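K.L.:
There are 2 protein chains.
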Amino acid sequence: MFLSKSFGYALRGVLYVALIHKEGRKVQLDEMADKLKVPRHFLAKIMKNMVKEGVLNSTKGPYGGFSLHESTLKTKLISLVKLTDGMAQFNTCVLSLRKCNNENPCPLHLNMLKIRDGMLAEFSSKTLGDLLDEKNPDFIKSISTIA
Amino acid sequence: MFLSKSFGYALRGVLYVALIHKEGRKVQLDEMADKLKVPRHFLAKIMKNMVKEGVLNSTKGPYGGFSLHESTLKTKLISLVKLTDGMAQFNTCVLSLRKCNNENPCPLHLNMLKIRDGMLAEFSSKTLGDLLDEKNPDFIKSISTIA
DNA sequence: TCATTAAAAGACATCTATATCTTTTTTATT
DNA sequence: AATAAAAAAGATATAGATGTCTTTTAATGA
Ligand code: FES
Ligand code: FES
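Here it is, written out as structure tokens:
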């Protein structure tokens, strides 16, 4: 797995909030779980973490829900990865059991370095806002449907 | 995780057998588990699968153990991945819950396509024999030690 | 103050990858 | 044939990721 399910849920969740934000309203978990076809309470934990890390805002009570934080659209994808998956995969040897290092490289070191650093660079430069700008016509469908 | 622990164990296991093969002898599980610092019985299952898939030979009984198959060194890395991790990660959308497809691409489709296809190409062309040819001075250490 | 709404928090269940332990099968040697 | 060696197979255990359910806290409006 390149990325966990949690990461996918997190990204889809925050993008959904951002989309609905343009309609000028907040989003509740029930709506998100329903529209995104994501387990309600599992998503709740992930959303809560994003709020805790300052990626999103939330308010409790009537008319409450999730809304954008001023930093939301500026958030790098790598921050989401850190939040859901951690960064170990980027500095641990692909053969496990050791830190990746150049001095005593494992047989796959150079190959994996290229791949991992490519992904790291991509995710370190791209923001959530970038994804929304590049969005394709069926964007909402692309984060919602199963098929 | 780009690749599972099982994959790491499999690769280190088969490379160890190949190295010892040059000394003209077979390798037993006890020696491998000890030298590679890998859980004995967990490694056993993985080795058994590699034998079943024709990546390695094995013989039971006294003076038995694991040895090279004529196809071992020609085996592509991707075959090992298929054996331990399966190929789902290469055709499933990074946002889970759907097959990856170009018609209704998710927000990360193009980015991930590049990364995944890069890794797929690398692992589809490189063989176990290639890894042994490229080997660095501390090769045995690089698949054995923890530090 | 009370009722309602919705997130936060916590407890528990399930599933998968990983790890350990035991028994069975096969092979070689005596 | 009996013994020993080693892989194969199977049963069980543990940990982490994922999923579900219940209780608590905070906000709103009557
Ligand atoms: S040492 Fe193995 S990936 Fe760097
Ligand atoms: S559609 Fe998501 S990775 Fe291709």
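Taken in order, these protein sequences are the chains called A and Y.
In our numbering, each number is its position in the first sequence, counted from 1, plus 1184.
In our numbering, each number is its position in the second sequence, counted from 1, plus 1184.
Glycine included, C-beta positions come from ideal geometry on N, C-alpha and C.
In this text, all values refer to a predicted model and were calculated from it rather than measured experimentally.
1. I want to verify the contact list: residues of chain A whose CB lies under 7 Å from the CB of residue 1280 of chain Y, in sequence order.
2. Please confirm whether residue 1300 of chain Y has its beta-carbon closer than 8 Å to some beta-carbon of chain A.
3. For the region 1193–1214 of chain A, which residues have a CB atom closer than 9 Å to at least one CB atom of chain Y, in sequence order?
4. Between the beta-carbon of residue 1252 of chain Y and the beta-carbon of residue 1202 of chain Y, is there less than 8 Å?
5. Name the one or two DSSP bridge partners that residue 1250 of chain A has.
6. For a contact meaning CB atoms closer than 8 Å, what does residue 1327 of chain Y contact in chain A?
7. Among A/1310, A/1290 and A/1312, whose alpha-carbon lies nearest the alpha-carbon of residue 1323 of chain Y?
8. Just checking my contact of residue 1199 of chain Y with residue 1315 of chain Y at CB under 8 Å: how many whole Å lie between their CB atoms?
9. Nearest CA to the CA of residue 1313 of chain A: which residue from A/1302, A/1281 and A/1256?
10. Would you be able to state if there are at least three C-beta pairs under 8 Å between the region 1273–1281 of chain Y and the region 1277–1297 of chain A?
11. Mind checking whether residue 1249 of chain A and residue 1206 of chain A have CB atoms under 8 Å apart?
12. Can you give me the C-alpha to C-alpha distance between residue 1269 of chain A and residue 1238 of chain A, rounded to a whole angstrom?
13. If I'm right that residue 1240 of chain Y touches residue 1231 of chain Y with Cβ under 8 Å, what's the distance once you round it to whole angstroms?
14. Just to check, is the beta-carbon of residue 1205 of chain A closer than 7 Å to a non-hydrogen atom of ligand 1?
15. Taking the Cβ atom as the reference point for each residue, do residue 1326 of chain Y and residue 1233 of chain A lie within a distance shorter than 8 Å?
16. Which residues in the same chain as residue 1188 of chain Y place their Cβ atom closer than 7 Å to its Cβ, once the five residues preceding and following it in sequence are excluded?
17. Going along chain Y in order, which residues have a C-beta closer than 7 Å to the C-beta of residue 1315 of chain A?
18. Taking Cβ-Cβ distances shorter than 9 Å, what residues in chain Y pair up with residue 1319 of chain A?
19. Flag residue 1304 of chain A as yes when its Cβ comes closer than 7 Å to any non-hydrogen atom of ligand 1, and as no otherwise.
20. Residue 1260 of chain Y by DSSP, collapsed to three states: which one?
21. Under the three-state reduction of DSSP, which class applies to residue 1229 of chain Y: helix, strand or coil?
22. Residue 1275 of chain Y versus chain A: which residues are under 7 Å apart at the beta carbon?
23. What are the start and end residues of the alpha helix (DSSP H) that includes residue 1302 of chain A?
24. Taking 8 Å as the threshold (beta carbon to beta carbon), is residue 1322 of chain A in contact with chain Y?
25. Is it buried or exposed, residue 1243 of chain Y, if we count other Cβ atoms within 10 angstroms and call 16 or more buried?
26. Tell me whether residue 1271 of chain A is buried or exposed, calling it buried when 16 or more other Cβ atoms sit within 10 Å of its Cβ.
27. What do you reckon, are the CB atoms on residue 1302 of chain Y and residue 1299 of chain A nearer than 8 Å?
P.N.:
Reading from the atomic positions:
1. Contacts between residue 1280 of chain Y and chain A, judged by CB atoms closer than 7 Å, involve 1189 and 1192 in chain order.
2. Closer than 8 Å to some Cβ of chain A, the Cβ of residue 1300 of chain Y qualifies, so yes.
3. Residues 1193, 1195, 1196 and 1199.
4. Yes, Cβ-Cβ distance for residue 1252 of chain Y and residue 1202 of chain Y is below 8 Å.
5. Beta-bridge pairing links residue 1250 of chain A to A/1211 and A/1242.
6. What residue 1327 of chain Y touches in chain A: 1279, 1290 and 1291.
7. When C-alpha distances from residue 1323 of chain Y are compared across A/1310, A/1290 and A/1312, the shortest belongs to A/1290.
8. Yes, they are in contact, since the Cβ atoms of residue 1199 of chain Y and residue 1315 of chain Y sit about 7 Å apart, within 8 Å.
9. Taking only the C-alpha atoms, the option nearest residue 1313 of chain A is A/1256.
10. Flag = no, the region 1277–1297 of chain A and the region 1273–1281 of chain Y do not touch.
11. Remark: C-beta atoms of residue 1249 of chain A and residue 1206 of chain A do not approach each other more closely than 8 Å.
12. When only Cα atoms are considered, residue 1269 of chain A and residue 1238 of chain A end up about 17 Å apart.
13. That belief holds up - the Cβ atoms of residue 1240 of chain Y and residue 1231 of chain Y are roughly 7 Å apart, short of 8 Å.
14. No; taking the cut-off as 7 Å, the Cβ of residue 1205 of chain A has no heavy atom of ligand 1 nearer than that.
15. Against a cut-off of 8 Å, the Cβ pair of residue 1233 of chain A and residue 1326 of chain Y comes out as no contact.
16. Residues 1268 and 1269 of the same chain have their beta carbon placed closer than 7 Å to that of residue 1188 of chain Y, with the five preceding and five following residues left out of the count.
17. Within chain Y, the residues near residue 1315 of chain A are 1291.
18. In chain order: 1291.
19. Residue 1304 of chain A: no, Cβ never under 7 Å from ligand 1.
20. Here DSSP, grouped into helix, strand and coil, assigns residue 1260 of chain Y to strand.
21. Three-state DSSP puts residue 1229 of chain Y in a helix.
22. Counting only Cβ-Cβ distances below 7 Å, residue 1275 of chain Y has no contacts in chain A at all, with the closest Cβ about 12 Å away.
23. It spans 1293–1309 - the alpha helix (DSSP H) in which residue 1302 of chain A sits, taken as one unbroken run.
24. With 8 Å as the cut-off, residue 1322 of chain A counts as an interface residue toward chain Y.
25. Note on residue 1243 of chain Y: under 16 other CB atoms within 10 angstroms of its CB, so exposed under the neighbour-count rule.
26. Residue 1271 of chain A comes out exposed.
27. Their beta carbons are under 8 Å apart, which means residue 1302 of chain Y touches residue 1299 of chain A by this criterion.
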